[in-house]
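This report refers to the structure that appears directly beneath it.
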């Protein structure tokens, strides 16, 4: 359990450093954070360091993002996507490949000084492997392929609409999630297509 204001930032920094070390040892380093805001300077520096070490980083940041992705020699392996659709997003998800022993965390904290230093926030590991796999392998990739409500942050600080390829149908992650998880008891009336 990672708790702010006590040690949440430190745990993030340690996990990012661990990802860098795992990548340097065997390759395949990967981080994915889904948050509302990313403005904390220390975490941004750590993500830049991870990118410079070759770790692939996907960031799904709905709102404020002070990190600049895709800057040659600085943040080339970082992609930032913002998904703003019908529903206001509040989930915070953190995925660490961790040398193949993947970890998924959920929590309340955005990556902002006020959340990390002045509020009580919690980030916890998803210990059920079925649930962790669903988040890591199904839900997060769906967010990264949205072509209806997604904008991608460019190195110059502008956002560009993400569009489907000429042979691909548009994909709305929020509509897909609504259809996929419409019935909490699992008795779905209509199955959505594959992602």
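In my numbering, the protein residues as written are 10 to 204.
Positions of the beta carbon are idealized from the N, C-alpha and C atoms, including for glycine.
As a quick exercise: from the options, pick the residue whose alpha carbon is nearest that of residue i.
i: residue 92; options: 164, 155 and 180; result: 155
i: residue 48; options: 136, 12 and 71; result: 71
i: residue 170; options: 183, 160 and 176; result: 160
i: residue 19; options: 148, 172 and 126; result: 126
i: residue 158; options: 89, 45 and 95; result: 95
i: residue 122; options: 148, 185 and 74; result: 74
i: residue 135; options: 148, 150 and 116; result: 116
i: residue 86; options: 13, 109, 149 and 39; result: 39
Apply the 10 Å Cβ neighbour rule to residue i and answer buried if 16 or more other Cβ atoms are within range, or exposed otherwise.
i: residue 99; result: exposed
i: residue 23; result: exposed
i: residue 167; result: exposed
i: residue 15; result: exposed
i: residue 83; result: exposed
i: residue 145; result: buried
i: residue 133; result: exposed
i: residue 129; result: exposed
i: residue 197; result: Any reading at residue 197 is ruled out, since the residue's pLDDT is 49, under 50, leaving its predicted position unreliable.
i: residue 178; result: exposed
i: residue 190; result: exposed
i: residue 151; result: buried
i: residue 172; result: exposed
Going by the DSSP bridge assignment, what does residue i pair with across the sheet?
i: residue 168; result: 162
i: residue 74; result: 47
i: residue 117; result: Answer by DSSP bridge pairing: none, since residue 117 is not bridged.
i: residue 40; result: 66 and 105
i: residue 21; result: None; residue 21 has no bridge partner.
i: residue 13; result: 130
The alpha helix (DSSP H) spanning residue i covers which residue range?
i: residue 152; result: 149-153
i: residue 111; result: Here residue 111 belongs to no alpha helix (DSSP H), and DSSP marks it neither H nor E.
i: residue 185; result: 182-189
i: residue 139; result: 138-143
Could you pull the start and end residues of the beta strand (DSSP E) that residue i belongs to?
i: residue 87; result: 87-92
i: residue 130; result: 130-134
Below 7 Å, is the gap between the Cβ of residue i and the nearest heavy atom of the ligand NAP?
i: residue 42; result: In terms of ligand content, the structure shown is empty, and the ligand NAP therefore cannot be addressed.
Does the structure place the region 101-120 close enough to the region 20-36 that three or more beta carbon pairs sit under 8 Å? Two segments are said to touch when three or more pairs of C-beta atoms, one from each, lie closer than 8 Å; by this definition the region 20-36 touches the region 101-120.
Counting Cβ pairs, one atom from each stretch, are 3 or more of them under 8 Å apart for the region 134-144 and the region 52-62? Short answer: they don't touch.
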